[in-house]
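A.B. asks:
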Amino acid sequence: MLATRATAVIPRFSRFAWLMGLYAENHQRLQRIFAPADLAPGEYVSSIGDGLDLHLSVIARHAYTVELKLTYGLLDPETGEADPSAHVRMYNDALQVEATHCYAGRRWQDVLGLRPAHSTLLNHRLRMNAFLNKWLAYIDEQGHGRHSLRSRNGLGSQEKNSLGIA
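Residue numbers (UniProt numbering): 1 to 166.
(1) DSSP three-state label for Leu-54, please.
(2) Can you look up Ala-86 in the DSSP assignment and give me helix, strand or coil?
(3) Counting pairs of beta carbons, one from the region 33-42 and one from the region 119-135, are three or more of them closer than 8 Å?
(4) What residues in its chain sit with their C-beta under 8 Å from that of Arg-32, if we drop five residues either side in the sequence?
(5) Pick from Tyr-91, Met-128, Ile-59 and Met-90: whose alpha carbon is nearest that of His-101?
(6) Checking 9 Å against the spacing of the C-beta atoms, do Asn-133 and Glu-67 come in under that value?
(7) Secondary structure at Ile-33, three-state DSSP: helix, strand or coil?
(8) Which residue's Cα is closest to the Cα of Leu-30: Asp-50, Ala-8 and Leu-56?
(9) Please state the DSSP three-state secondary structure of Thr-146.
(10) Leaving out the 5 sequence neighbours to the left and right, which residues in its chain are closer than 6 Å to Tyr-44 when beta-carbon positions are compared?
(11) Taking the beta strand (DSSP E) that Tyr-44 falls in, what are its first and last residues?
(12) Hey, out of Ile-48, Leu-54, Ser-47 and Gln-28, whose CA is closest to Glu-98's CA?
(13) Rounded to whole angstroms, how far is the Cβ of Ala-130 from the Cβ of Leu-22, which I believe are closer than 8 Å?
(14) So Leu-70 is in the beta strand (DSSP E); what residue range does that whole segment cover?
(15) Using the beta-carbon count (16 or more within 10 Å), is Phe-34 buried or exposed?
Take a look at the structure:
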């Protein structure tokens with residue numbers, strides 16, 4: 001008698017499909033935590049008491065995108081740059097968030113060189129967006145959110161109420 005084994009077929013995603021999935025998951029996380037599409041351009045700080053203050057900068061708002069920067073405000077002693085930090089582009093129409101570049105001890109040029117191969121660039125984007133995904137999960141677990149976000153722009157109470165922040 002022949003014995004048959006049932007084998008599970010696990011779908012294999014391309015690196016590009018995996019990256020697009022990260023973009024979508026990053027959008028869900030960031031939107032749930034801070035809803036940056038509703039924030040006016042400016043500087044915000046999220047304080048949770050005994051943790052590090054998270055700095056959120058809404059750099060620009062466009063019809064379908066919002067450009068942001070996330071950092072703890074800690075500075076790299078060698079370069080003077082915020083470390084860690086992530087520059088993020090939020091696509092409101094596509095419901096995706098892309099980490100365009102991150103600084104975690106080194107600049108992208110130091111990591112990739114000035115003219116990286118396409119596969120090297122794709123791998124780097126995967127690493128940056130995986131980093132952002134894990135960082136957003138950590139931020140959420142620490143208790144950062146819309147409720148802890150304060151404007152550093154000196155907005156009046158009426159403007160703050162219209163933005164839904166304290």
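All C-beta atoms, glycine included, are put in the ideal place defined by N, C-alpha and C.
C.D. replies: Checking against the coordinates, here is how it stands:
(1) The residue given as residue 54 occupies position 54 in the sequence shown. In the structure shown, Leu-54 sits in a strand (DSSP, three-state: E or B).
(2) The residue you call residue 86 lines up with position 86 of the sequence shown. Three-state DSSP puts Ala-86 in a strand.
(3) They do not touch, by the three-pair rule.
(4) The residue you call residue 32 lines up with position 32 of the sequence shown. Counting only Cβ-Cβ distances below 8 Å, and skipping sequence neighbours, we find Asp-140.
(5) Start at 1 with the first residue of the sequence shown, and residue 101 comes out as number 101. Checked all of Tyr-91, Met-128, Ile-59 and Met-90; the closest Cα to His-101 is Met-128.
(6) Taking the sequence shown and counting its residues from 1, the one referred to as residue 133 is at position 133. Taking the sequence shown and counting its residues from 1, the one referred to as residue 67 is at position 67. Taking 9 Å as the Cβ cut-off, Asn-133 and Glu-67 do not qualify as a contacting pair.
(7) Translated into the one-based positions of the sequence shown, residue 33 becomes position 33. Of the three classes helix, strand and coil, the one that applies to Ile-33 here is helix, per DSSP.
(8) Mapped onto the sequence shown, residue 30 falls at position 30. Answer by Cα proximity: Leu-56.
(9) Position 146 of the sequence shown, counting from 1, holds the residue named residue 146. The amino acid at residue 146 is misidentified as Thr; the sequence shows Arg. In the three-state DSSP reduction, Arg-146 falls in the helix class (H, G or I).
(10) Along the sequence shown, read from residue 1 onward, the residue named residue 44 stands at position 44. Scanning its chain for C-beta atoms nearer than 6 Å, with the 5 sequence neighbours on each side dropped, one finds around Tyr-44 the residues Leu-56, Leu-149 and Ser-151, in chain order.
(11) Your numbering for residue 44 matches position 44 in the sequence shown. First-last of the beta strand (DSSP E) with Tyr-44: 42-46.
(12) Counting from 1 along the sequence shown, the entry for residue 98 is found at position 98. Here the closest residue by C-alpha is Gln-28.
(13) For the purposes of this step, residue 130 is taken as residue 130 along the sequence shown, with counting starting at 1. For the purposes of this step, residue 22 is taken as residue 22 along the sequence shown, with counting starting at 1. Right, their Cβ atoms sit about 6 Å apart.
(14) Walking along the sequence shown from the start, residue 70 turns up at place 70. Its beta strand (DSSP E) spans residues 65-71.
(15) In the sequence shown, residue 34 corresponds to position 34, counting from 1. So Phe-34 counts as buried.
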